[in-house]
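Here the sequence shown stands for residues 174 to 437, where the numbers follow the working numbering.
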Amino acid sequence: ATDIAFALGVLALLGSRVPVALKVFLMTLAVLDDLGAIVIIAVFYTGNLSFAALGSGLIFALGLVILNRSGVRHTGAYIVLGLVLWFCVLKSGVHATLAGVITAFAMPGRLEPNTPGSPLEHTIHHLHPWVAFGILPMFAFVNAGIVFDGLNPSMLLEPLPLGIILGLVIGKPLGVMLFSAIAVLSGYCRLPSQLSWRQLLGAAFLCGIGFTMSIFVASLAFQESGIGYARTDRLAIIIASLLAGVAGYLILRTAKTQPAGPQE
Numbered sequence: 174a175t176d177i178a179f180a181l182g183v184l185a186l187l188g189s190r191v192p193v194a195l196k197v198f199l200m201t202l203a204v205l206d207d208l209g210a211i212v213i214i215a216v217f218y219t220g221n222l223s224f225a226a227l228g229s230g231l232i233f234a235l236g237l238v239i240l241n242r243s244g245v246r247h248t249g250a251y252i253v254l255g256l257v258l259w260f261c262v263l264k265s266g267v268h269a270t271l272a273g274v275i276t277a278f279a280m281p282g283r284l285e286p287n288t289p290g291s292p293l294e295h296t297i298h299h300l301h302p303w304v305a306f307g308i309l310p311m312f313a314f315v316n317a318g319i320v321f322d323g324l325n326p327s328m329l330l331e332p333l334p335l336g337i338i339l340g341l342v343i344g345k346p347l348g349v350m351l352f353s354a355i356a357v358l359s360g361y362c363r364l365p366s367q368l369s370w371r372q373l374l375g376a377a378f379l380c381g382i383g384f385t386m387s388i389f390v391a392s393l394a395f396q397e398s399g400i401g402y403a404r405t406d407r408l409a410i411i412i413a414s415l416l417a418g419v420a421g422y423l424i425l426r427t428a429k430t431q432p433a434g435p436q437e
């Protein structure tokens, strides 16, 4: 999964050289990528299921949908149901991150007349400092622990670490470019006039920055299963993220800026 914070951080270094369309594309892709990772975690890294807790969670998830459809805009109501949903999902054996996604989707995002913002915007505004300066750094710190003692560079050439590096540095950009080309050539989408294929390639490489979510999934896949890759997988992810980030930066740094056309 693409690390949104690091990918957007690289774009910030490039300033006005990066068109707005590319920033929107990268952010949208990164968000969907992370949502996909959360679904994978919930489906494939689930322990013994408690159907009673899962059924209770479905009831509270339905309650969130009913609140939304009924036009309830009080943020507290969604937060209370969301917390109860989180507890139910946690006890069900499914990874509890799924509860946060469901709660966010249920919160109204539309503006109403004579209101300064939607409930979703208010929640994001109040949670952002806690997430950006507390939860996210702590999440990265806890999941990025690497023990260098006993590590040998040749270990990175073993199938799994090498596969991680090739997947993030080559596979991810290749997949993004391939599906982008198919979408454009089929006429389903069109490339904005101020965006070049070279710039899109640079963004595709930035999608290979997988730091936090990739390390989290790797820890679930190998550390908890007892497979002895707990050190090399994390190191491979960090190396691959650095390579992908540098490649994306250099491509975007040397790409010619396109003249801005009509709004698309």
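Ideal Cβ positions, reconstructed from N, Cα and C, are used throughout, including at glycine.
Inter-residue CB distance, residue i and residue j (contact presumed, cutoff 8 Å)
i, j, result
"residue 405", "residue 334", "4 Å"
"residue 424", "residue 375", "4 Å"
"residue 280", "residue 292", "5 Å"
Under 8 Å between C-beta atoms of residue i and residue j
i, j, result
"residue 346", "residue 381", "yes"
"residue 413", "residue 383", "yes"
"residue 353", "residue 429", "no"
"residue 438", "residue 256", "Only positions 174 to 437 of the chain appear in this structure, which leaves residue 438 out of reach."
"residue 407", "residue 187", "no"
"residue 394", "residue 410", "no"
"residue 276", "residue 251", "yes"
"residue 203", "residue 180", "yes"
"residue 238", "residue 379", "no"
"residue 254", "residue 230", "no"
"residue 309", "residue 417", "no"
"residue 261", "residue 278", "no"
"residue 357", "residue 351", "no"
Boundaries of the alpha helix (DSSP H) in which residue i is found, first to last residue
i, result
"residue 335", "332 to 339"
"residue 372", "370 to 379"
"residue 196", "193 to 217"
"residue 345", "345 to 358"
"residue 382", "Here residue 382 belongs to no alpha helix (DSSP H), and DSSP marks it neither H nor E."
"residue 393", "Segment: none, residue 393 is in no alpha helix (DSSP H) and carries neither H nor E."
"residue 254", "248 to 265"
"residue 178", "177 to 187"
"residue 228", "224 to 242"
"residue 412", "405 to 427"
"residue 274", "270 to 279"
"residue 365", "That residue, residue 365, is in no alpha helix (DSSP H); it is neither H nor E in DSSP."
Three CB pairs or more closer than 8 Å across the segment 244 to 253 and the segment 208 to 224: No: fewer than three Cβ pairs fall under 8 Å.
Three-pair Cβ contact test at 8 Å for the segment 224 to 234 versus the segment 246 to 266: When Cβ pairs closer than 8 Å are counted between the two stretches, the segment 224 to 234 is seen to touch the segment 246 to 266, the count reaching three or more.
At least three beta-carbon pairs within less than 8 Å, the segment 293 to 308 to the segment 335 to 345: These segments do not touch.
Inter-stretch contact at 8 Å, needing at least 3 Cβ pairs: the segment 185 to 195 / the segment 360 to 379: Three or more Cβ pairs closer than 8 Å define a contact, and the segment 185 to 195 meets that threshold against the segment 360 to 379.
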